[in-house]
Amino acid sequence: MKGEASPAVELIKVSKSFDAVQAVRELSLTIRQGELLTLLGPSGCGKTTLLNMLAGFEVPSAGSIVIGGRDVTAVPPYRRNTGMVFQNYALFPHMNVFDNVAFGLRMRKMAKFEMARAVGHALEMVKLEGLASRRIRQLSGGQQQRVALARAIVIEPKVLLLDEPLSALDRNLRGAMQVELRELHERTGLTTLFVTHDQEEALGLSDRIVVMSRGEIQQVATPLELYRLPANGFVASFIGEINRLPPARCRTEGNDVVFEIAGGIVLRARKRNQPTIGAGQETHLFVRPEHLTLVEGDRPAPNRVSCRVTAHLYQGAYTLTRVDAGPLGNLQLRVLGGEVIAAAPIGSQIKISIDLDKAVILAG
Amino acid sequence: MNAWLATRLSAGLFWSAVALILGYMTIPALVVLMTSVSPSELLEFPPSGFSLRWYERALTYPDFQGAFVNGLIVTAFASSLSLLIGSAFAYLVERYTFGGRVALEAILASPLIVPHFTTGFGFLLLGANLRIGQSYAVVVATHVLLTLPFVTRSVYVSLRNLDPALERAATNLGASPLQVLRRVTLPLLLPGMAGGWLVAAMLSLTEFTASLYVTAQRTQTLPVAMYTYVREYTDPTIAAISALLITFTTILMLIANRYLGLRRILAIDAH
Ligand SMILES: Nc1ncnc2c1ncn2[C@@H]1O[C@H](COP(=O)(O)OP(=O)(O)OP(=O)(O)O)[C@@H](O)[C@H]1O
Ligand SMILES: [Mg+2]
Chain G
1 MKGEASPAVE LIKVSKSFDA VQAVRELSLT IRQGELLTLL GPSGCGKTTL LNMLAGFEVP
61 SAGSIVIGGR DVTAVPPYRR NTGMVFQNYA LFPHMNVFDN VAFGLRMRKM AKFEMARAVG
121 HALEMVKLEG LASRRIRQLS GGQQQRVALA RAIVIEPKVL LLDEPLSALD RNLRGAMQVE
181 LRELHERTGL TTLFVTHDQE EALGLSDRIV VMSRGEIQQV ATPLELYRLP ANGFVASFIG
241 EINRLPPARC RTEGNDVVFE IAGGIVLRAR KRNQPTIGAG QETHLFVRPE HLTLVEGDRP
301 APNRVSCRVT AHLYQGAYTL TRVDAGPLGN LQLRVLGGEV IAAAPIGSQI KISIDLDKAV
361 ILAG
Chain C
365 MNAWLATRLS AGLFWSAVAL ILGYMTIPAL VVLMTSVSPS ELLEFPPSGF SLRWYERALT
425 YPDFQGAFVN GLIVTAFASS LSLLIGSAFA YLVERYTFGG RVALEAILAS PLIVPHFTTG
485 FGFLLLGANL RIGQSYAVVV ATHVLLTLPF VTRSVYVSLR NLDPALERAA TNLGASPLQV
545 LRRVTLPLLL PGMAGGWLVA AMLSLTEFTA SLYVTAQRTQ TLPVAMYTYV REYTDPTIAA
605 ISALLITFTT ILMLIANRYL GLRRILAIDA H
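Line by line, the protein sequences are chains G and C.
Position 176 (the first sequence) corresponds to 176 in my numbering; numbering is contiguous.
Just add 364 to wherever you are in the second sequence, counting from 1, and you've got my numbering.
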């Protein structure tokens, strides 16, 4: 594994304040050589500010930034060798595709023939061969996106910085570009920091994800870990759909953990290796919609709860069914297909089973 | 009444209104133009025939020739200086907010507040005091002041429309601040600057009120020479020279429109 190599980027206790707003707070983060790391967080959590500090457009109020083993905290942006792709692409409108891509190489005083080769190669990478002499205005949004990418990768930056590069594209194109971005990353092997507030994009694209909120890191993990084992309530509710149950008091009973919830509801789960859950402690339970199932008739099932159907949201492959589960509050189930809409009409009483073995259990 | 007829009718109304306004705006120029081809010794409207003799006289009258050259010299210097100062000022105000926005607005509004008469009179007194009288320097200084607001506004609007991400992108790709200015900022401002220069040139070429004060026989511009002429003669030469000046300015305007787009130049507001 490449994990042993020195990190590509290190942020050490970096803070940034704008007047009264503290956009980034004492944030420390390591980006590994060659990985695609995603910064994910709600609007205003400091993602762009962090990216701008890496590129050198913002100076940290405190802390230091190390890129490729060199402390660049005081280095101006044009000497940092980072490659940034802007949200609106920021292509130079007075230059054609070739000159846009060649810009960084010209600044590096590369020889003409070498430059032509490098630009050609970069355009090939983003599948734009043959468009070198096009004006920027004559390109579609997706093509502009590719030019912006080519312009950034051609300078072989120490780290590629992408600020919500796909948000301006329509949905279909966005999906296709996600796949291509991933392929491009594999081919170039460039260390990449990708910013998004779209969790699906983050889950699908990243080696690791950094979840941010209010200028602080909430969790750094692989997409799989993040979905299965969110570190806290914020991450649990930010990544994917999740039902938050009312606070519960827990105790152990043989091989089971028993959760008592106000209103006389008792739920059980198999004991697991999670030291944070102690007897008598207040805990928070988070259950994904796919871990709630309809129970037909009187079949025995773990954690059966009666509830009333309040809504169906048909999604094609599955249906999101909303129920009122009394003391457990409003819950959302994910049921395959659309038959449930007729089988359990709105207003009807049904029984559901809550699979707590796959639930996220956090200490209060 | 069907929809087709309704659209046709409202389109008809719209174009009649446009024609009316256009007619109204061009009436004075048309009257002068018609008078200029009159064969009569006296200014008469409508003309009683057709002749180009007054054009011949206008083009060969030494005072007009001299004044036209003077005007070109003054215009070339004044609008170029105005562009230089106006661009620098617009750049400073847009980039560094030192309360400069208030100053900018004051300057942009000044030609509406200070009459050209006052500006000319002021420079006349100042010039006399500095013993440089009615020299080219004073005329140019006057014209720079009068055109500055328009040039500044033109460059300022272009600057506001410039996406700051473009300069950041260039910086990120390794361009030093000077290289960014040379390769990104200036090329993108060029249309606005050229437009500002042309507007300044047109204003300067046709400016009369202030020029009347700050010019002497030696430095007088065409509008001043024309005024002097009508005080002595009453023949249609004055109409002919007017028509020539209008034509010249129109050609400048057309060039501006062709290469820069009038909409861009006359854009008052960036939003
Ligand atoms: N130049 C600035 N001056 C003042 N406040 C700023 C500035 N830039 C960012 N902020 C503030 O810092 C915080 C973080 O902003 P930032 O742009 O980094 O968020 P973000 O995570 O990129 O959000 P989004 O997803 O909406 O792009 C916000 O509260 C924002 O208002
Ligand atoms: Mg942002």
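Backbone N, C-alpha and C fix where the C-beta goes; we use that ideal spot for every residue, glycine too.
Owing to the predicted nature of the structure, the values given are computational and were not obtained by experimental measurement.
Might you give, ordered along the chain, the residues of its own chain that have their beta carbon closer than 6 Å to the beta carbon of residue i, omitting 5 neighbours on each side?
| i | result |
| --- | --- |
| residue 534/C | 544 and 548 |
| residue 74/G | none |
| residue 566/C | 613 and 616 |
| residue 231/G | 219 |
| residue 80/G | 56 and 72 |
| residue 487/C | 502, 506 and 578 |
| residue 515/C | 446, 447, 450, 560 and 564 |
| residue 308/G | 324 and 349 |
| residue 631/C | Note that residue 631/C scores a pLDDT of 45, beneath 50, so its modelled location is shaky; the value from the coordinates is reported in the next line. Within the same chain, residue 631/C has close Cβ partners 521. |
| residue 434/G | Because chain G here runs from 1 to 364, residue 434/G falls outside it and cannot be looked at. |
| residue 131/G | 97 |
Counting only the same chain and skipping the five closest in sequence on each side, list residues whose C-beta sits under 8 Å from that of residue i.
| i | result |
| --- | --- |
| residue 633/C | Unreliable positioning characterises residue 633/C in this predicted model, as indicated by a pLDDT of 37, which lies under 50. A coordinate reading is not provided. |
| residue 340/G | 294, 312, 319 and 321 |
| residue 346/G | 309, 310, 311 and 312 |
From residue i to residue j, what distance separates their C-alpha atoms?
| i | j | result |
| --- | --- | --- |
| residue 291/G | residue 201/G | 23 Å |
| residue 616/C | residue 91/G | 32 Å |
| residue 157/G | residue 84/G | 9 Å |
| residue 351/G | residue 162/G | 47 Å |
| residue 380/C | residue 393/C | 20 Å |
| residue 471/C | residue 591/C | 30 Å |
| residue 365/G | residue 193/G | This structure gives no information on residue 365/G, because the portion of chain G shown stretches from 1 to 364. |
| residue 168/G | residue 144/G | 11 Å |
| residue 316/G | residue 113/G | 54 Å |
| residue 331/G | residue 102/G | 54 Å |
| residue 184/G | residue 25/G | 32 Å |
| residue 600/C | residue 466/C | 48 Å |
| residue 546/C | residue 523/C | 14 Å |
| residue 6/G | residue 155/G | 21 Å |
| residue 397/C | residue 583/C | 27 Å |
| residue 86/G | residue 175/G | 19 Å |
| residue 485/C | residue 574/C | 7 Å |
| residue 261/G | residue 242/G | 18 Å |
| residue 413/C | residue 403/C | 6 Å |
| residue 215/G | residue 47/G | 8 Å |
| residue 423/C | residue 492/C | 33 Å |
| residue 223/G | residue 203/G | 5 Å |
| residue 344/G | residue 296/G | 10 Å |
For residue i, collect the residues of the same chain with a Cβ closer than 7 Å to its Cβ; drop the 5 residues on either side in sequence, then sort them by chain order.
| i | result |
| --- | --- |
| residue 35/G | 191, 207 and 208 |
| residue 3/G | Note that residue 3/G scores a pLDDT of 46, beneath 50, so its modelled location is shaky and nothing firm can be said. |
Report, in whole angstroms, the separation of the C-beta atoms of residue i and residue j, which I expect to be a contact under 8 Å.
| i | j | result |
| --- | --- | --- |
| residue 94/G | residue 553/C | Not really, about 10 Å apart at Cβ, beyond 8 Å. |
| residue 31/G | residue 235/G | 20 Å between Cβ atoms; not a contact. |
| residue 266/G | residue 359/G | Between residue 359/G and residue 266/G the Cβ distance is about 15 Å, and since that is not below 8 Å, they are no contact. |
| residue 302/G | residue 263/G | In fact, because the Cβ distance is near 19 Å, the residues do not count as touching under 8 Å. |
| residue 146/G | residue 119/G | About 13 Å separates the two Cβ atoms, so there is no contact after all. |
| residue 78/G | residue 539/C | 6 Å |
| residue 399/C | residue 603/C | 4 Å |
| residue 428/C | residue 619/C | With a Cβ gap of about 23 Å, residue 428/C and residue 619/C do not count as contacting. |
Taking the Cβ atom as the reference point for each residue, do residue i and residue j lie within a distance shorter than 8 Å?
| i | j | result |
| --- | --- | --- |
| residue 96/G | residue 61/G | no |
| residue 406/C | residue 598/C | yes |
| residue 336/G | residue 211/G | no |
| residue 63/G | residue 12/G | yes |
| residue 188/G | residue 153/G | yes |
| residue 410/C | residue 401/C | no |
| residue 454/C | residue 519/C | yes |
| residue 504/C | residue 588/C | no |
| residue 608/C | residue 435/C | no |
| residue 334/G | residue 289/G | yes |
| residue 284/G | residue 244/G | yes |
| residue 511/C | residue 443/C | yes |
| residue 205/G | residue 173/G | no |
| residue 148/G | residue 123/G | no |
Runs of 4 residues minimum, wholly inside the region 197–229 of chain G: which ones carry the alpha helix (DSSP H) assignment? 199–205 and 223–228
Which parts of the region 27–79 of chain G are runs of the beta strand (DSSP E), unbroken and 3 residues or longer, counting only runs that do not cross its ends? 36–40 and 62–67
What residue ranges within the region 527–589 of chain C form continuous alpha helix (DSSP H) runs of no fewer than 4 residues, ordered along the chain? Fully enclosed alpha helix (DSSP H) runs of no fewer than 4 residues occupy 528–536, 541–544, 550–570 and 573–578 of the region 527–589 of chain C, in order along the chain.
In the region 366–404 of chain C, which residue ranges form an unbroken alpha helix (DSSP H) of at least 4 residues, counting only runs that do not cross its ends? The alpha helix (DSSP H) runs of length 4 or more contained entirely in the region 366–404 of chain C are, from start to end of the chain, 367–400.
Entirely within the region 78–115 of chain G and at least 4 residues each: give me those alpha helix (DSSP H) ranges in chain order. 97–107
In the region 129–169 of chain G, which residue ranges form an unbroken alpha helix (DSSP H) of at least 4 residues, counting only runs that do not cross its ends? You should have 141–153.
Taking only runs of the alpha helix (DSSP H) that begin and end inside the region 469–502 of chain C, which ones reach a length of at least 4 residues, in chain order? Fully enclosed alpha helix (DSSP H) runs of no fewer than 4 residues occupy 480–493 of the region 469–502 of chain C, in order along the chain.
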